[in-house]
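Asker:
Written out as structure tokens, the structure is:
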């Protein structure tokens with residue numbers, strides 16, 4: 001699982017998508033494309049953004065839900081919390 005998260009985070013475009021979802025969760029593909037284009041000057045096709053979202057979903061960092069015709073994407077920080085807990089032990093005293 002951690003490997004998928006690190007792979008997803010390795011790409012700067014995917015990190016920008018996560019930044020956008022952290023700022024405003026529950027966005028559609030169209031909204032994400034528009035924000036990437038206007039805010040980050042990234043001229044990606046909807047298909048390219050969709051492929052990035054698929055990698056983020058496979059890693060667990062993004063969850064999607066359907067409401068009627070629309071598919072909304074939300075940030076899920078649980079995989080990052082699991083990684084942080086793996087190496088940062090709160091119960092051990094610091095030296």
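Residue numbers (the UniProt record's numbering): 1 to 95. A virtual CB, placed ideally from N, CA and C, is assigned to each residue, including glycine.
Which of the three DSSP states, helix, strand or coil, is assigned to residue 47?
Answerer: Correct three-state label for residue 47: helix.
Asker: If you check the beta carbons only, do residue 80 and residue 61 fall under 9 Å apart?
Answerer: Yes. Within cutoff.
Asker: Output needed for residue 22: all residues of its chain with C-beta closer than 8 Å, excluding positions within five of it in sequence on either side, in chain order.
Answerer: Closer than 8 Å at the Cβ level, and outside the excluded window around residue 22, lie 75.
Asker: Work out the CA separation of residue 6 and residue 65 for me, nearest whole Å.
Answerer: Each residue's alpha carbon lies about 24 Å from the other.
Asker: Which class does residue 64 belong to by DSSP, given the choice of helix, strand or coil?
Answerer: Residue 64 falls in the strand class under three-state DSSP.
Asker: Does DSSP classify residue 36 as helix, strand or coil?
Answerer: Correct three-state label for residue 36: helix.
Asker: Would a C-beta distance cut-off of 9 Å place residue 73 and residue 29 closer than the cut-off?
Answerer: Yes, they are a contact pair.
Asker: Would you call residue 2 buried or exposed, if buried means 16 or more other Cβ atoms sit within 10 Å of its Cβ?
Answerer: Result: exposed.
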